[in-house]
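Some notes on the structure that comes next.
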Amino acid sequence: MNFSDAKEEDFDEAFAFICDLWDYNTYDRETVRKVYKEVLMDANTFAFFLEEDGEYKGFCQGDFFHTFWMSGLTCYVSGIITRRGEREKGYGTKMMDHVKELAIERGCKAVILDSGMPREKAHRFYEGYGFEKSCYGFEMAL
């Protein structure tokens, strides 16, 4: 099992993971490709795949940013996705362990994430991993 930084040529794999997790959303492939390229070029983001036996089992993306709330650098996990059919095999834990390593290397004070209300299995995973419910998430489309 290893982690590999996402590369431009991995877009099709990343797009499949994105569509699999947020299957209630409709994505324009070229718009997502543009965002994917921007993520790869941004020094304050990360995107990686978890690979085992020559197959990508998971994909994770996030950002590093400063907050007054944490009084310092914070790591935000915007997506941690295990391939359907490969869930509950420990891949999420391995990816979260890797995120923690990245956050510690950058000097972050915390790792944060949010999760959709109906994703109760994911919530149990996050709480079992050590995350605490800390807020309600809100969004406003523009």
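Heads up: the sequence shown begins at 0 in numbering that gives the first Met the number 0, then just goes up one per residue.
Cβ atoms here follow ideal geometry from the backbone N, Cα and C, with glycine treated the same way.
Keep in mind it's a predicted model, so treat the numbers as computed, not measured.
Quick one, which of 96, 63 and 58 has its alpha-carbon nearest residue 80's? Your numbering for residue 80 matches position 81 in the sequence shown. Out of 96, 63 and 58, 58 has the C-alpha closest to the C-alpha of residue 80.
With 16 other Cβ atoms within 10 Å as the buried cut-off, status of residue 92: Counted from its first residue, the sequence shown places residue 92 at position 93. By the neighbour-count rule (16 or more Cβ atoms within 10 Å), residue 92 is not buried but exposed.
Which residue marks the beginning of the beta strand (DSSP E) containing residue 71, and which one marks its end? In the sequence shown, residue 71 corresponds to position 72, counting from 1. In the DSSP annotation of this structure, the continuous segment of the beta strand (DSSP E) that includes residue 71 starts and ends at 71 to 81.
How about the stretch 1 to 19 and the stretch 65 to 75: do they share at least three Cβ pairs that are nearer than 8 Å? Not touching, per the Cβ criterion.
Is the Cβ-Cβ distance between residue 49 and residue 2 less than 8 Å? Here the question's residue 49 lines up with position 50 in the sequence shown. Here the question's residue 2 lines up with position 3 in the sequence shown. Cβ atoms of residue 49 and residue 2: closer than 8 Å.
To which residues does DSSP link residue 45 through a beta bridge? As a position in the sequence shown, residue 45 is number 46, starting the count at 1. Answer is 61, bridged to residue 45.
To the nearest angstrom, how far is the alpha carbon of residue 96 from that of residue 112? Your numbering for residue 96 matches position 97 in the sequence shown. Your numbering for residue 112 matches position 113 in the sequence shown. Each residue's Cα considered, the two are about 14 Å apart.
On the DSSP bridge assignment, give the partners of residue 4 in chain order. Here residue 4 refers to the residue found at position 5 when the sequence shown is read from its first residue. Here residue 4 is bridged, per DSSP, to 47.
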